[in-house]
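I have placed the structure first, in the form of structure tokens, so that the comments after it can refer back to it.
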Amino acid sequence: YPYLAAFREFLCQLLHLAKGEGDIMKLPLERYIVNFCSEIPAPPPGSFEVQTTILDSVIKIWSPPNNMPITWVSIPFAYTFECLDIDNIITVWHCLALERQVLITSTQLSILTQATEMFLSLM
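Going by the numbering used here, the sequence shown opens with residue -4, and the numbers climb by one from there.
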């Protein structure tokens, strides 16, 4: 599903909600996650978007048409280019293009999935 950016935004807003002052959260944290993942419908490809609101953020979920690759829509390339220099990006892409095995590690686990998905999208 091409929803990495939407999931990230939801979890960031949920963190703000959990750390907020007062008694804002009426339900357990797990219930918010289950509601977001299970009860918000996934839109059919290319037709319309689903919106939900948490705190001051509107999260939009939509699926690209079948003829448009998922990665053109959902994967933010900026994180990878901020963490790696151009030479390393080209080296990894070159190894992937030659179908070599590539092991990607990171001290920043929060961007590891986005970086690997970005590299795969370049294939």
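Even glycine gets a Cβ: it sits at the ideal position worked out from N, Cα and C.
Residue range 52 to 57 is occupied by the beta strand (DSSP E) that includes Ser52. Under the three-state reduction of DSSP, Gln8 is assigned to helix. Cβ-Cβ distances below 7 Å link Phe114 to Val87, Trp88, Leu91 in the same chain, with the five nearest sequence neighbours on each side left out; the list follows chain order. Annotation for Glu94: no beta strand (DSSP E) segment contains it, and DSSP assigns it neither H nor E.
In this structure, Ile70 places its C-beta atom within 9 Å of the C-beta atom of Gln109. Note on Thr100: under 16 other CB atoms within 10 angstroms of its CB, so exposed under the neighbour-count rule. The residue among Cys78, Thr102, Leu117, Leu50 with its C-alpha nearest the C-alpha of Gly15 is Leu50. In the structure shown, the three-state DSSP call for Gln46 is strand. Thr75 sits buried, since 16 or more C-beta atoms from the chains shown fall within 10 Å of its C-beta.
Taking all protein chains in view, the Cβ of Ile19 is surrounded by fewer than 16 other Cβ atoms within 10 Å, so the residue is classified as exposed. For Val29, the closest alpha carbon among the candidates Gly41, Phe2, Val53, Asn83 is that of Phe2.
Setting aside the 5 residues that flank it on each side, Ile35 is surrounded in the same chain by Val45, Thr47, Ile56, each with a C-beta closer than 8 Å to its C-beta; the list follows chain order. Burial is judged here by how many other beta carbons sit within 10 angstroms of a residue's own beta carbon; Ile81 has fewer than 16 and is exposed.
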